[in-house]
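Single-structure report; data block below.
Number of protein chains: 4
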Amino acid sequence: MTKKLRMGMIGGGTGSFVGDIHRKAASIDGMIELVCGAFSSTAEISISSGKALNLAKERCYSNYEEMIIKEKALPVGERMDFVSIVTPNNLHFPNAKMALENGFHVVCDKPLTLTLDEAFTLKKIIKDSGKLFALTHNYTGHPMVKQAKAMVAHAELGVIRKIQVQYLQGWLSTAIEKTGQKQASWRMDPKKSGIGGALGDIGTHAENLTEYITGLRIDEIAADLGKFGKGRVLDDDGNILIRMKNGAKGTISISQIAVGEENNFAIRIYGEKGSLEWHQENPNRLITRWLDQPQKVYTANGNGLYPEALAASRIPAGHPEGYLEAFATIYKNFANHLNAVNKGESVANPDYPTVDDGIRGMKFIYAAVKSDKNNTCWIKV
Amino acid sequence: MTKKLRMGMIGGGTGSFVGDIHRKAASIDGMIELVCGAFSSTAEISISSGKALNLAKERCYSNYEEMIIKEKALPVGERMDFVSIVTPNNLHFPNAKMALENGFHVVCDKPLTLTLDEAFTLKKIIKDSGKLFALTHNYTGHPMVKQAKAMVAHAELGVIRKIQVQYLQGWLSTAIEKTGQKQASWRMDPKKSGIGGALGDIGTHAENLTEYITGLRIDEIAADLGKFGKGRVLDDDGNILIRMKNGAKGTISISQIAVGEENNFAIRIYGEKGSLEWHQENPNRLITRWLDQPQKVYTANGNGLYPEALAASRIPAGHPEGYLEAFATIYKNFANHLNAVNKGESVANPDYPTVDDGIRGMKFIYAAVKSDKNNTCWIKV
Amino acid sequence: MTKKLRMGMIGGGTGSFVGDIHRKAASIDGMIELVCGAFSSTAEISISSGKALNLAKERCYSNYEEMIIKEKALPVGERMDFVSIVTPNNLHFPNAKMALENGFHVVCDKPLTLTLDEAFTLKKIIKDSGKLFALTHNYTGHPMVKQAKAMVAHAELGVIRKIQVQYLQGWLSTAIEKTGQKQASWRMDPKKSGIGGALGDIGTHAENLTEYITGLRIDEIAADLGKFGKGRVLDDDGNILIRMKNGAKGTISISQIAVGEENNFAIRIYGEKGSLEWHQENPNRLITRWLDQPQKVYTANGNGLYPEALAASRIPAGHPEGYLEAFATIYKNFANHLNAVNKGESVANPDYPTVDDGIRGMKFIYAAVKSDKNNTCWIKV
Amino acid sequence: MTKKLRMGMIGGGTGSFVGDIHRKAASIDGMIELVCGAFSSTAEISISSGKALNLAKERCYSNYEEMIIKEKALPVGERMDFVSIVTPNNLHFPNAKMALENGFHVVCDKPLTLTLDEAFTLKKIIKDSGKLFALTHNYTGHPMVKQAKAMVAHAELGVIRKIQVQYLQGWLSTAIEKTGQKQASWRMDPKKSGIGGALGDIGTHAENLTEYITGLRIDEIAADLGKFGKGRVLDDDGNILIRMKNGAKGTISISQIAVGEENNFAIRIYGEKGSLEWHQENPNRLITRWLDQPQKVYTANGNGLYPEALAASRIPAGHPEGYLEAFATIYKNFANHLNAVNKGESVANPDYPTVDDGIRGMKFIYAAVKSDKNNTCWIKV
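Residue numbers (my numbering), protein chains in the order written: chain A, 1259 to 1639; chain B, 1259 to 1639; chain C, 1259 to 1639; chain D, 1259 to 1639.
Laid out in structure tokens, this is it:
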């Protein structure tokens, strides 16, 4: 077997939800091992976090600059192969820039950057570096999302006409950012989060999944954003109309003040011949409907799937896979690509989100904010 | 028991879906009997339809004018008490006008009229006549809709912030109106349907249910309508943003080209403290979610309901009631009101949709069309 | 149109759940009208119930004997055509016997009779009378049950191997029969209910639906009954193994002490090639599964149905039909048969449950009780 | 952080489903690392499997005896801490015996052993060894199973009266064991599987989950087993009545010929005051029902959970956890226990299945087979 790829992590120290997720997701398929990290902007926490993860003492770094410099100084075959960035949005760009410019591949959490300008610059940096870059739009990793994409690609649904997306959470129903809740604090702070709140956190997932499954591009949007939590300057709710380049129309409804909703991310896509419906909270089912046949419900690793969907499953049908496995599929596909590159092989269409997806997401945020400020007028994405 | 109320019907001849529904709904609670009708604009069909319904020969009329005149000539206690109008939209106004002006109460299918002007005029006619007028927004009749309304009214959800409504059908996915399909033909003909297609047929239900449950008023909307069926001049799809007068925001997504959807009418309402979700296709459940408690799922005639919900159920919990019973509740509440009026009693808040609801619906259609023509700008309803 | 059939009712006076259901179910299709009744064993209540139903005063009878004698004395064309029996189990036999022997057709609630002996005798009486007899196993009236039966009959599932049935209610979780609750009181009284409690009330539905859908016969059963409610002499719970004559095996689990269950009647049938699953509480869906295809979900009046299923639907797909409509289909099919007979026509396979189904149900009760008394040994049905 | 525990694996070579699951489950929480293995009875495959897993060459052993002897010879702190046994049933006993007698703790797949005698002997060996022993009844690891158990333990449901369990699969609907399908072949071979087929494979899970959640013991069972696949000598289907020691009654229905079912494992438990329902295929929901309140639906990491349920969740509510995470919880709890023991600490009630659970499972298999051979008579477990 190919040796495991060595991962360094920036952010995700003790107590971080997303750091733990990335580590589990990276390791689950046995292709990647965590070898070092700069887990916090506070040196002490960074180092203690690394120790708690059983890392070698000398590879628990005080900050990301130190990590990148010292790792670079290690011999090939020992130094980290790539960096996983799980910091707040404002750090994505400097983290990724330095890693790439020092020769490390990057996996980065979404949204891509703090600003759209940064996003364009980052694209150039990636190109110049010749390194790989993956963005963790994890929901694209679900087997039933792969099946959905394949069904659209094989024209089973015909020309797409209508799209309905909802991503509803309730965890920011009250202004918990003022209570010191860490996840909420930076997400509701424009200096760390950017110009979008819910838009960046979940809206970009909605935008990305829409384009991933349909293979279409959003042409323009009209947005009405809400700031319901007391004293908020960033959106915590959004009602958005979309027009696709092919003429399809639809809605994207996002919210973090939808009381009692946990992670209700769902998509419905209607074509001329058929339609499909997927729910993140029950992710191993894909409901499809037809002009003149009964509903067909596909299940992960079940009957009648396309190879792309089967390839994304790990265990027998009926044994539920979840959030973690979908996330892991991003890392797995990235690792496969990196292994191939390392062997000097080329890969046709590596199936993980890239900087271009990240730029699409940033444009979506910017268009939504602009539309909202202009009384919901249509803005090109 | 009070004698049954005598109903005359306009429209709904042999083969009509909605005529049959209205007759069953009117009769199911044993309070109303059909005594006469003008079931078709073709005299022959009108009369044969009446006969097929076992009506007395002399009360199967050639047209509605004849019915109204001849019934008026019958002695009180024999003549019909009210008219049920189940004709295409363009006939609602002349049908209702003549009935009211000749002293008959009216139950009328939605949308209220062909034009908004007619709607205003009709309101005046009703007022001048002193007669009762009910509009059959049937979905308000479901026990779980009553429960939803009561929960909002009792402030269980707190201030409403977000509303998401979808009404998705697929039966007009192809241009079946060109094949002579009767239901489709008049609905896609602006002379019979008005300026709204799907807007009038299902959009008004969406608008009405939203306002019925929340007790709020839609302030303004921004609409992007679709005309996907080949050659259509009326909308068969709509993506609509809404702003409520209290500051709540939301979306209404309607479609008759959502392939494979049957009658997927669903509503989600989010307040500061709680939220609720109801699906017409599984109408005997009401899902509620809370800031800090587990989901609670109410069931028709089940535990923990408000009296309003219990009153709308007919059979023990777990025995599904459906479309017909909800429809019948409109007729039942109308009949109760009429019986009270006949006894000289007054009724505080008779629970059935009225001309005001109908005007709201017409304004909704007009605002949506205007917004759509003005590139989705916000239009007051 | 054929004149409406005239129905007389025994039992079902004011406040009765099942009487109201039968009246609504009989009338909903416009083929039957209630003309007379003996609604209670108390003359006064019987008469006041009839009046409350707007019946002619002279046809509100003091008791069923009077009704049968006086109706018989009326001229043909005026007298009732058939009797609907909705009394407690112990009265079914004497009610039906007198009706049949005086020339009236009969629709009777289940279970057939108080004892198995009565059941055999009744069969003979029916035969001798030449009259029609329908038993209201109402759940066989659902469109999706018809579809299930047709799919099995067309061998889509292959040879049936396994059957799993559950009929779970919670309304007798506490001994409410001691509080005077009328429904509970007679059901838990062996003099009125027979030797089976839950067995007769819901077990017979489970048995009947199993045999109706599969077209197979239960060969033998092994039962373990429970009497959990304080002081009960009749079963309120049962766990039953079944063996079908074709070699299939399965379970029937019934309960009236399943706290919180409303009317959770569900059936799963597994063949060599496919399987199906139906739930009474969500009756308009039929889930099917296959060796090598994805799940297919059929819906009432939806795509891909057999004519038998389509014929049992009344309204467009997606508009839920429920308990009442299924019940009505028994009456409709009975009425169609009776109308045909009245015209001297013969009907090949009238689709409603008959005395033979009733005898099967009684045998099932007896076998279950015998097995339970003999420590769950296998007993032939 | 405590150093990772070192795991050696027996069985689970390249291509094995369950080996991969155990490895992922063991590693996911970062507490355990695989250091060596004897992955196959074929030396060559064993070694190549180890290499493919990136194990040190010298710790890829030819067979389990070699592994145990050589690992024992390694210094403490390097040698493996425990053995994970994922071989066919017939090897569990010799594998575990040798490991325990040489001082290694054991995690073992279920069912415990080939025969009941072995099970008893193994218990003695474990006791004599003083080592820890965990049995991977993985379904007990789900957060919502923990919640169910806690609710019963806190008497929320009252005295348990009725239990309904189903574990339905369709993957052995045809005799695929004759096509060389590896999973099927040994499971349908009594020399490798024991006297139970489906009984051992899934029946023991059903038995275990029943006793785990309710805290009750099955007193006696009456079983009717099926052997539907052509030429099978072991059961592939079972319909089983159960009586609990506290007087509760119920059914366990298992099948591997339930065409189209994937892993439909579900349990319903009814007490005097409340009831609960859990489905493995949608494992993050727990439905509860009550005498006089609406349904409450608990969700993993959601509102209103007991600490035991919260402790078993890894990620925020609404992000589905699945099969793997539940499996991992067995390993995590075992690792926590082992770490405590290694520090000389005692642990009150380590929450993972033990040899006693394994013996219960074996007794269940034996009782079911005996009952089936004796025409379904009741047999004490």
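Beta carbons: idealized from backbone N, C-alpha and C, even for Gly.
Keep in mind that this is a model prediction, so the values were computed, not measured.
(1) Does Trp-1429 (chain A) come within less than 9 Å of chain D when only Cβ atoms are used?
(2) Apart from the five residues on each side of it in sequence, which residues of its chain come closer than 6 Å, Cβ to Cβ, to Gly-1644 (chain C)?
(3) Do the region 1507-1522 of chain B and the region 1415-1428 of chain B meet, that is, are 3 or more Cβ pairs less than 8 Å apart?
(4) Bridge partners for Gly-1393 (chain D) per DSSP, in chain order?
(5) What three-state label does DSSP hand Ser-1533 (chain D) in the structure shown?
(6) According to DSSP, simplified to helix, strand and coil, what is Gly-1602 (chain C)?
(7) Spell out the partners DSSP gives Met-1265 (chain C) in its beta bridges.
(8) Might you give, ordered along the chain, the residues of its own chain that have their beta carbon closer than 7 Å to the beta carbon of Lys-1450 (chain B), omitting 5 neighbours on each side?
(9) Name, please, each residue of chain B whose Cβ falls closer than 9 Å to the Cβ of Lys-1554 (chain D).
(10) Report the neighbours of Asn-1632 (chain C) on chain A: residues whose CB is nearer than 7 Å to its CB, in chain order.
(11) Buried or exposed, going by whether 16 or more other CB atoms sit within 10 Å of the CB of Thr-1300 (chain A)?
(12) Could you please give me the residues that DSSP links to Leu-1483 (chain C) through a beta bridge?
(13) Between the region 1329-1341 of chain B and the region 1262-1277 of chain B, can you find at least three pairs of beta-carbon atoms closer than 8 Å?
(14) What residue range is occupied by the uninterrupted beta strand (DSSP E) comprising Ser-1298 (chain D)?
(15) Please work out which residues of its chain come closer than 7 Å, Cβ to Cβ, to Leu-1499 (chain C), disregarding the five sequence neighbours upstream and downstream, and give them in chain order.
(16) Starting from Val-1555 (chain D), follow the beta strand (DSSP E) in both directions and report where the run begins and ends.
(17) Would you please verify whether the beta carbon of Asn-1561 (chain C) is less than 9 Å from any beta carbon of chain A?
(18) Taking one C-beta from the region 1360-1373 of chain C and one from the region 1520-1531 of chain C each time, how about it: are there three or more such pairs within less than 8 Å?
(19) List the whole-angstrom C-beta distance separating Asn-1396 (chain B) from Ala-1584 (chain B), where the pair is believed to meet the contact cut-off of C-beta under 8 Å.
(20) By a C-beta neighbour count over all protein chains shown, 10 Å radius and 16 as the cutoff for buried, is Asp-1550 (chain D) buried or exposed?
(21) When you check each C-beta in the region 1573-1598 of chain B against every C-beta of chain C, which residues fall closer than 8 Å?
(22) Residues in its own chain within less than 6 Å of Val-1627 (chain B) by CB, not counting five upstream and five downstream?
(23) In chain order, what are the residue ranges of uninterrupted beta strand (DSSP E) at least 3 long that sit wholly in the region 1428-1495 of chain B?
(24) Can you tell me the Cα-Cα spacing of Leu-1534 (chain D) and Gly-1416 (chain D), whole angstroms?
(25) Check each residue of the region 1412-1427 of chain C: if its Cβ is closer than 7 Å to any Cβ of chain D, include it; give the result in chain order.
(26) Three or more beta-carbon pairs under 8 Å between the region 1323-1340 of chain B and the region 1289-1303 of chain B, yes or no?
(27) Any Cβ of chain D within less than 9 Å of the Cβ of Trp-1444 (chain B)?
(28) Step through the CB atoms of chain A and report whether any lies within less than 9 Å of the CB of Glu-1519 (chain D).
(29) Of the residues B:Gly-1455, B:Asp-1287, B:Thr-1612 and B:Ala-1411, which one's Cα is nearest the Cα of Gly-1473 (chain B)?
(30) Does any CB atom of chain A fall closer than 9 Å to the CB of Trp-1548 (chain C)?
(31) How would you call Val-1403 (chain D), buried or exposed, if buried means at least 16 neighbouring beta carbons within 10 angstroms?
(32) CB-CB under 8 Å to Leu-1467 (chain C), same chain, minus the five flanking residues each way: which ones, in chain order?
(33) What are the boundary residues of the alpha helix (DSSP H) that includes Arg-1281 (chain D)?
(34) Answer yes or no: does any C-beta atom of chain E fall closer than 9 Å to that of Gly-1438 (chain A)?
(35) Contact defined as beta carbons within less than 8 Å: I believe Arg-1547 (chain D) pairs with Gln-1553 (chain D). What is the distance between those atoms, to the nearest angstrom?
According to the structure data:
(1) Indexing the first sequence from 1 puts residue 1429 (chain A) at position 171. Chain D contact via Cβ: present.
(2) In the structure displayed, chain C extends from 1259 to 1639; residue 1644 (chain C) sits before or after that span and is not available.
(3) yes
(4) Residue 1393 (chain D) sits at position 135 when you count from the first residue of the fourth sequence. Note on identity: in this sequence residue 1393 (chain D) is Leu, with Gly being the wrong assignment. According to DSSP, which records beta bridges pairwise, Leu-1393 (chain D) is partnered with D:Cys-1366.
(5) Along the fourth sequence, one-based indexing puts residue 1533 (chain D) at 275. Three-state DSSP puts Ser-1533 (chain D) in a strand.
(6) Translated into the one-based positions of the third sequence, residue 1602 (chain C) becomes position 344. Here Gly-1602 (chain C) sits in coil by DSSP.
(7) Taking the first residue of the third sequence as position 1, residue 1265 (chain C) is located at position 7. Paired residues: C:Leu-1292 and C:Phe-1340.
(8) By one-based count along the second sequence, residue 1450 (chain B) stands at place 192. Closer than 7 Å at the Cβ level, and outside the excluded window around Lys-1450 (chain B), lie Pro-1346, Asn-1347, Asn-1348 and Trp-1444.
(9) Numbered from its first residue, the fourth sequence carries residue 1554 (chain D) at position 296. The answer, in chain order, is Gln-1551, Pro-1552, Gln-1553, Lys-1554 and Val-1555.
(10) Within the third sequence, the letter at position 374 stands for residue 1632 (chain C). Here the premise fails: no neighbours, minimum Cβ distance about 39 Å.
(11) As a first step, residue 1300 (chain A) is located in the first sequence; it is residue number 42 there, counting from the start. Answer is exposed; the Cβ neighbour count stays below 16.
(12) If you number the third sequence from 1, residue 1483 (chain C) lands on position 225. Leu-1483 (chain C) is bridged to C:Gly-1496.
(13) yes
(14) Counting from one through the fourth sequence, the residue named residue 1298 (chain D) turns up at place 40. Where Ser-1298 (chain D) is concerned, there is no enclosing beta strand (DSSP E), given that its DSSP letter is neither H nor E.
(15) For the purposes of this step, residue 1499 (chain C) is identified with residue 241 of the third sequence, where counting begins at 1. So the list reads Ile-1479, Ala-1480 and Thr-1509, once near-sequence residues are dropped.
(16) By one-based count along the fourth sequence, residue 1555 (chain D) stands at place 297. From DSSP, the beta strand (DSSP E) with Val-1555 (chain D) extends over 1553-1557.
(17) Translated into positions along the third sequence, residue 1561 (chain C) becomes position 303. Yes, Asn-1561 (chain C) counts as interfacial toward chain A.
(18) no
(19) Position 138 of the second sequence, counting from 1, holds the residue named residue 1396 (chain B). Position 326 of the second sequence, counting from 1, holds the residue named residue 1584 (chain B). Between Ala-1584 (chain B) and Asn-1396 (chain B) the Cβ distance is about 5 Å, and since that is below 8 Å, they are a contact.
(20) As a position in the fourth sequence, residue 1550 (chain D) is number 292, starting the count at 1. Exposed, because fewer than 16 other Cβ atoms sit within 10 Å of the Cβ of Asp-1550 (chain D).
(21) Ile-1573, Pro-1574, Ala-1575, Gly-1576, His-1577, Pro-1578, Glu-1579, Gly-1580, Tyr-1581, Leu-1582 and Glu-1583
(22) The residue you call residue 1627 (chain B) lines up with position 369 of the second sequence. Only Ile-1453 meet the Cβ criterion.
(23) 1476-1484
(24) Locating residue 1534 (chain D) in the fourth sequence gives position 276, counting from the first residue. Locating residue 1416 (chain D) in the fourth sequence gives position 158, counting from the first residue. Going from the Cα of Leu-1534 (chain D) to the Cα of Gly-1416 (chain D) covers about 12 Å.
(25) Arg-1419, Lys-1420, Gln-1422 and Gln-1424
(26) yes
(27) Locating residue 1444 (chain B) in the second sequence gives position 186, where the first residue counts as 1. It does not: the Cβ of Trp-1444 (chain B) has no partner Cβ on chain D nearer than 9 Å.
(28) The residue labelled residue 1519 (chain D) in the question sits at position 261 within the fourth sequence. True, the Cβ-Cβ gap to chain A drops below 9 Å.
(29) Your numbering for residue 1473 (chain B) matches position 215 in the second sequence. Comparing Cα positions, the closest option is B:Ala-1411.
(30) Taking the first residue of the third sequence as 1, we reach residue 1548 (chain C) at position 290. Yes, Trp-1548 (chain C) lies at the interface with chain A (some Cβ there is under 9 Å from its Cβ).
(31) Within the fourth sequence, the letter at position 145 stands for residue 1403 (chain D). Buried is the call here.
(32) Locating residue 1467 (chain C) in the third sequence gives position 209, where the first residue counts as 1. Correct list, in chain order: His-1395, Tyr-1397, Thr-1398, Val-1403, Val-1423, Phe-1523 and Ile-1525.
(33) Taking the first residue of the fourth sequence as position 1, residue 1281 (chain D) is located at position 23. Counting along the chain, the alpha helix (DSSP H) containing Arg-1281 (chain D) begins and ends at 1275-1285.
(34) This model lacks chain E altogether, as its protein chains are A, B, C and D.
(35) Taking the fourth sequence and counting its residues from 1, one reaches residue 1547 (chain D) at position 289. Taking the fourth sequence and counting its residues from 1, one reaches residue 1553 (chain D) at position 295. Confirmed, about 5 Å.
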